[in-house]
Amino acid sequence: MSEDKTAQPIFSEEVTTRTPPWGEVNLLEEGDRYRINRIIVNPGYHISTQMHYHRSEHWIVVAGTAKVICGGEETLLLPKQSTYVPMNTPHRVENPGVIPLVMIEVQNGEYLGNDDIIRFPEEDAKRNAKK
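Residue numbers for the sequence shown follow our numbering, so the first one is 170 and each next one is one higher.
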């Protein structure tokens, strides 16, 4: 009898939560080649400019307003709107509003480790200098 080798999603009864200075990340579900997070960005904060070699991301805005910079293009997203972030593309999200930005993030790729987060602190420094 052969074993079933299909990927089984991992549902956590206790949501894994990280609290970076800009907000909160809740791991909702993880499986082979994907991860689903609930991300909260506090008003006036942003997630640093970064890119990934091995994964793409989809962001869906649930509440608030997202200012997304992806590949040099700037877009405002409102609730029920979404965007796709391709692999190898510098990206950043900001909360320009006065209420928390809540997004669902779906990561998809061959490798989802935290060491596949390449940060661009010089881009953030340039943006902050313009304010």
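Ideal Cβ placement from N, Cα and C applies to all residues, glycine included.
Every value quoted in this text rests on a predicted model; they were computed, and no experiment measured them.
Per DSSP, cross-strand counterpart(s) of residue i
i	result
His-215	Glu-263
Thr-186	Asn-195
Ile-287	Met-220
Val-275	Ile-205, His-227
Ile-238	Glu-243, Arg-261
C-alpha distance - residue i paired with residue j, whole-angstrom precision
i	j	result
Val-262	Ser-217	8 Å
Gly-278	Glu-193	23 Å
Leu-270	Lys-249	12 Å
Val-275	Glu-226	6 Å
Asp-173	Tyr-280	Note that Asp-173 scores 49 on pLDDT, short of 50, meaning its location in the model is unreliable; the coordinates nonetheless yield the value given after this. The straight-line gap from Cα to Cα measures roughly 22 Å.
Cys-239	Leu-197	24 Å
Ile-286	Asn-257	10 Å
Ser-171	Asn-283	Residue placement at Ser-171 is poorly supported in this model, since its pLDDT is 44, which falls under 50; the coordinates still yield a value, given next. The straight-line gap from Cα to Cα measures roughly 34 Å.
Ile-208	Thr-185	12 Å
Gly-213	Trp-191	9 Å
Pro-189	His-215	11 Å
Arg-187	Asn-206	11 Å
Tyr-222	Gly-266	30 Å
Presumed contact (8 Å Cβ cut-off) between residue i and residue j, rounded CB distance
i	j	result
Thr-252	Leu-245	No, Thr-252 and Leu-245 are not in contact; Cβ-Cβ is about 10 Å, not under 8 Å.
Ile-268	Gly-233	5 Å
Enclosing beta strand (DSSP E) for residue i [first to last residue]
i	result
Leu-245	242-246
Tyr-253	251-254
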